[in-house]
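Engineer: Here the protein sequences line up with chains V and Y, keeping their order.
The first sequence: position 287 = 800 (my numbering), numbered continuously.
The second sequence: position 118 = 173 (my numbering), numbered continuously.
Mind having a look at this structure? Questions to follow.
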Amino acid sequence: MSAVVGPEKISARGSAGLRAGEAALGLSIAAFLLVFVMWPAASVVYVAFTEKGTGAFTLVNFHDFARTDLFVRSLWNSLYVGAMTVLWACVIALPLAVLTTRFEFRGALLIQTLGFVPLIMPPFVGAVALQMLFGRNGTINLLLSDWLDVKIPFMEGLNGVIFVESLHYFPFILINLSASLRNIDRSMEEAAQNLGSSGFRLLRRIVLPLAMPGFAAGASLVFVKVFDDLATPLLLNVKDMLAPQAYLRVTSIGVADPMGYVIAVVLVALSVGCMALAALVTRGADFATAQRGGGGLARRKMRRLETVMAYALVTFILLLVLSPHIGLLLLSFATIWSFSPLPDAYTTAHYARVFSQSALYVKNTILYASLGGLIDIVVGTAIAWLVLRTKLPFRHWLDRGATAALAIPGVVLGIGYLRAFYDVRLPGGVPLATLWIMIVLAVAVRRLPYALRASYAALQQISTSLEEAAENLGATPGRALRRIVLPLMTGGILAGFVTSFATAAVELSATLLLVQSNSDAPLAYGIYVFMQSPAGRGAGAALGVIAVVIVCACALGAQFAIERSQTVKGDPH
Amino acid sequence: MLRLAIAAALALACGAPAFAQAPAGKVTIVTSFAKDVTDPYKKAFEKAFPGVSLEVQNRNTNAAVKFIEETRSANATDLMWASAPDAFEVLKAKGLLMKYQLKITGLPEKVGSYPINDPTGAYFGFAASGYGMMWNERYARANKLPEPKEWSDLAQPVFFDHVAIAAPSRSGTTHLTIETILQGEGWDKGWRAIKEIGGNLRQVTDRSFDVPEQVNSGQVGVGIVIDFFAFSSQAAGFPVKFVYPSVTTIVPANIGIVANPPNRAGAEAFVEFLLSPTGQEVLLEPSIRRLPVNPATYAKAPADYPNPFKDARFAKMISFSAEKSETRNDAVDTLFDQTITFQLAGLKAATKAIHEATAALAKKDNAQARALLAEARDAIAATPVTEAQAASAEVRGAFTGAKEKTARQAELEQRWAGFAKQQYATALSKAEAALKLAR
């Protein structure tokens, strides 16, 4: 690996002006996190530390948490499901990432794009579509019981949660790992080959270890996301996990009940701890490669048999992970689909019904999600840079603060925003919380950890010697950052934008509290409104398909940009 | 009937010019109702009052209550429109609803034996609905399920693992149903009945609408639902059927004016409109299908439309005491969650064993096994608290956070859950022993 260059060197040589700039940047990010994450969340979560009725400070609620069987069982279940999901998500993501980045593979761009679609699971309709396919009386089980008289419990209990979560969240690993693989310099591989390494050994000893930052970023995101996800367990009717317990308590017993927030605090602590652990794993080693221009790993041609097997594998995986969306598509064209392998008949009436309203929803969704994604990559990249390249005191707390947002339940953040910003009046008496920009901020805060992890991984792979070289040639540190570091991080930053954007586009829980009028409503809200009545199922599915298509189109654009930036850097492909 | 219709028509005629100030501008309404309900109303209302626009904000009931509460300092909402009476009770208790004297007259005070309007004028019932059972015909055929007629049918072995219900802590209307059973049958017998159905549950959903959705999809056979979910599913073409049991629950759907409404004239106009003959008729639309509170409107309904003012099943409903329900609201919800929702696996295992032993006993009788089986059933039916304890100051204090030190809610929950777990394990071993004897 390349020469180890710690951050000390850079900041030792950094001018006083730069250091002042660092401090200003750090402080402004800290202020952003304080105002838009900590304060709103704290305005709700402080209840965890109070006694019900008197409001006096107490820790007895945490004692109760540890003594309640249901909560302890939920904690273990959540940890188990999180770990198992990471395992299965790897099984799905690894072949896709390696095949599309290491081999000459026709349709690599398409696979990379389709591979992230599972992240876009529109609320409610996605769940219905999954059940229509994999449920107890879904397509597969109806056919199986017809032919073989057996049923497979895909969607039962904890294993069902692991199954669905793996399909849903493996793209975190795929996207971040692919970005990392693209960033590895070819010379590393060539050096290994010169020394006689090849094939699987090369992959295991050289390529995958160098791609560790992306893998760690993806895997830790999957774990934490699964840990904090409440939609999937509730869909599968699994209630003894932590996130559903927190959600059910906060929304049914009320905001005055401390236990819901105790669970939220436990979630935040464990999520931040997990991210810190992932950082620890990648801290000991240096993943940066200094040489640039080779343009990523050499892509090997496959032999005929290999090609056939590779395509068969990729097709199988894609079919599996995209099945919810295939179900969604069927649902959106179905007249009636009930206890039958396929819908009774097909119609375009649902699209006609949503067509007139969807334009507004689409406009709002793109506006909110792209602004949110933009905020995320700016803040995320800044935090990554501060943590990895400066010696600013307390810089790790910026990382932790941003990560904590992942574990704050959406509904808690929504209530927090109303509580924190409704009484802040703009000139003219309009409450700050009623502006649509607050929806953007809430969405941005909830998706910030995705962009942060992607930027972090990208920066870990860039050797500081490149910046030093630029500075030796007379570039100011700012200019080196702008002209050298940021361009080299493009892939990672775009990966972060795509994940933040795609998941922000289908966010509902916080939005549901913050949408003030129909003219401000995004697609997810439209789906929610339709999915409250039997006749709205098809229409909701149609809106869901529209959401997926739009997000896909945007993501394809981003992927295209990544590929192009690779070409610019000199990749012959 | 005719007299009522005339009275209603007169009321509208007199009511219309009586608005102090003609409604105009934007009327903002926060609602949990689906687009299929709100859209026809928006159209009809805007047609009746040109120049007024209805801004509909869809939120689930909990989010709607939280929203109104958190935005009270500069309230921008005129109306709250939802089913669950308990949500309105919460808003009323916090002073978030405006008292209003209805101008329209001649409407009945009760539907079935349930009072339609809040006695203090904080909110008004504009439609009624009855609870019943909805099932998927294709599912029933494939699984050879008989048609259920009474609540108790759902406790039959044939329905094991085929039934769904919403958690009463999550659905105000389901809570009313559970409370009705408890008041009608008495605390002990009521819980026995509820747990017997509970042992056959496939799912306890966290949203009311998930129950009809699961039945429509064919994932669950029978759902315990409000009638309009079934009617609107049928209208949408799903292969489902619905029946009211002989003792059903009436649940009203309500409208209330939020305190300090930005458009008071508009808000009042909408309330009056909902209760007017035109507004009541909108309820008959196939996508809405709720029961009007104006008896005259039924004259325009399709032939098979249920009429709670004539149908004996609705009158049979035991007189429901709202005060009694209020005093133990949290206790009943928590009991259901801790002994059924979160203990479903244990309850189902015990119930399954009892079903098997019962079947074996039917073939070969055995007195000792029968006694064991009865003990197993009693073990399941037992409740950790008596009716008096559930409404006691100590238990209520645990939920509301009383000033004087009582058991904390988390402690009670753990105690109740532990009790249920123990009882279900006992029931399971007794039923298994009975099965051995009967074989």
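The C-beta atom is built at its ideal place from N, Cα and C for all residues, glycine as well.
For Lys419 of chain Y, count the other beta carbons within 10 Å of its own beta carbon; 16 or more makes it buried, fewer makes it exposed. Which is it?
Structural biologist: exposed
Engineer: Quick one, which of Y:Leu109, Y:Val166, Y:Pro140 has its alpha-carbon nearest Asp366 of chain Y's?
Structural biologist: Y:Val166
Engineer: How would you call Gln269 of chain Y, buried or exposed, if buried means at least 16 neighbouring beta carbons within 10 angstroms?
Structural biologist: Flag for Gln269 of chain Y reads buried.
Engineer: Just reading off the beta strand (DSSP E) that Pro307 of chain Y is part of, what are its end residues?
Structural biologist: Per DSSP, Pro307 of chain Y belongs to the beta strand (DSSP E) from 305-312.
Engineer: Pull up the distance between the alpha-carbon of Phe647 of chain V and that of Ser836 of chain V, whole angstroms please.
Structural biologist: 9 Å
Engineer: Hey, would you say Val638 of chain V sits closer than 8 Å to Ala1054 of chain V, going by beta carbons?
Structural biologist: yes
Engineer: Do Val337 of chain Y and Leu134 of chain Y have their C-beta atoms within less than 8 Å of each other?
Structural biologist: Remark: C-beta atoms of Val337 of chain Y and Leu134 of chain Y do not approach each other more closely than 8 Å.
Engineer: Which runs of the beta strand (DSSP E) fall wholly inside the segment 126-151 of chain Y and span at least 3 residues, in chain order?
Structural biologist: Listed in chain order, they are 134-137.
Engineer: Would you give the residue range spanned by the alpha helix (DSSP H) that Glu468 of chain Y belongs to?
Structural biologist: 464-493
Engineer: Tell me the DSSP secondary structure of Thr520 of chain Y in three-state form.
Structural biologist: Residue 520 of chain Y is absent from the structure shown; chain Y starts at 56 and stops at 494.
Engineer: What is the DSSP secondary structure of Leu162 of chain Y, counted as helix, strand or coil?
Structural biologist: coil
Engineer: Between the segment 402-427 of chain Y and chain V, which residues of the former have a C-beta closer than 8 Å to a C-beta of the latter?
Structural biologist: none
Engineer: Helix, strand or coil: which one does DSSP assign to Trp898 of chain V?
Structural biologist: helix
Engineer: Per the contact definition of three or more C-beta pairs closer than 8 Å, is the segment 621-629 of chain V in contact with the segment 1058-1069 of chain V?
Structural biologist: yes
Engineer: Find the residues of chain B that neighbour Gly456 of chain Y, judging by a C-beta separation of less than 8 Å, and give them in chain order.
Structural biologist: Reference to chain B is not applicable here, since the protein chains of this structure are V and Y.
Engineer: For the ligand GDP, is there any heavy atom lying closer than 7 Å to the beta carbon of His576 of chain V?
Structural biologist: With respect to small molecules bound, the structure shown includes none, and the ligand GDP cannot be examined in it.
Engineer: Checking contacts by CB at 8 Å: is Val1042 of chain V closer than that to chain Y?
Structural biologist: yes
Engineer: Distance, Cα to Cα, Ala482 of chain Y vs Ile409 of chain Y?
Structural biologist: Taking the straight line joining both Cα atoms gives about 8 Å.
Engineer: If you draw a straight line from the alpha carbon of Ile343 of chain Y to that of Asp282 of chain Y, how long is it in whole angstroms?
Structural biologist: One C-alpha to the other measures close to 10 Å.
Engineer: Look at the alpha carbon of Asn815 of chain V and the alpha carbon of Thr613 of chain V, and state the distance between them as a whole number of angstroms.
Structural biologist: In the sequence as presented, Asn is not what sits at residue 815 of chain V; that position holds Met. For Met815 of chain V and Thr613 of chain V, the distance between alpha carbons rounds to 12 Å.
Engineer: Against chain V, which members of the segment 309-335 of chain Y pass a CB distance test of less than 8 Å?
Structural biologist: none
Engineer: Figure out for me which residue from Y:Gln444, Y:Ala489, Y:Pro361, Y:Asn362 has the closest Cα to the Cα of Ala424 of chain Y.
Structural biologist: Y:Ala489
Engineer: Please return the same chain residues whose Cβ sits closer than 6 Å to the Cβ of Leu547 of chain V, not counting the five positions on each side in sequence.
Structural biologist: Once the five neighbours on either side are set aside, Leu547 of chain V has no close Cβ partner at all.
Engineer: Quick one: what does DSSP say Ile776 of chain V is sitting in, helix, strand or coil?
Structural biologist: helix
Engineer: What residue from Y:Phe100, Y:Gly227, Y:Ala443 has the CA that sits closest to Thr333 of chain Y's CA?
Structural biologist: Y:Phe100
Engineer: Secondary structure at Met189 of chain Y, three-state DSSP: helix, strand or coil?
Structural biologist: Judged by DSSP in its simplified three-state form, Met189 of chain Y adopts strand.
Engineer: Would you say Arg225 of chain Y faces chain V, with C-beta separation under 8 Å as the test?
Structural biologist: yes
Engineer: Using the three-state DSSP reduction, which class does Thr860 of chain V fall into: helix, strand or coil?
Structural biologist: coil
Engineer: Do Phe570 of chain V and Phe578 of chain V come within 8 Å of each other at the CB atom, strictly closer than that value?
Structural biologist: no
Engineer: Just checking: is the beta-carbon of Thr481 of chain Y within a distance shorter than 8 Å of some beta-carbon in chain V?
Structural biologist: no
Engineer: If I'm right that Gly503 of chain V touches Ser845 of chain V with Cβ under 8 Å, what's the distance once you round it to whole angstroms?
Structural biologist: Outside the shown range of chain V, which is 514 to 1086, sits residue 503 of chain V, and nothing can be said about it.
Engineer: Give me the chain Y residues within the contact set of Asn750 of chain V, using Cβ-Cβ distance strictly less than 7 Å, ordered along the chain.
Structural biologist: Gln258
Engineer: Under 8 Å Cβ-Cβ, which residues of chain V neighbour Thr396 of chain Y?
Structural biologist: Within 8 Å of the CB of Thr396 of chain Y, the CB atoms of chain V belong to Lys752, in sequence order along the chain.
Engineer: Would you kindly work out how many angstroms separate the C-alpha atoms of Met505 of chain Y and Pro267 of chain Y, rounded to a whole number?
Structural biologist: Because residue 505 of chain Y is not part of the residues shown, which for chain Y are 56 to 494, the question remains open.
Engineer: Which of the three DSSP states is assigned to Leu1069 of chain V in this structure?
Structural biologist: helix
Engineer: Can you find the residues in the same chain that come closer than 6 Å, C-beta to C-beta, to Phe683 of chain V, ignoring five residues on each side of it along the sequence?
Structural biologist: These residues qualify, in order along the chain: Ala602, Ile605, Ala606.
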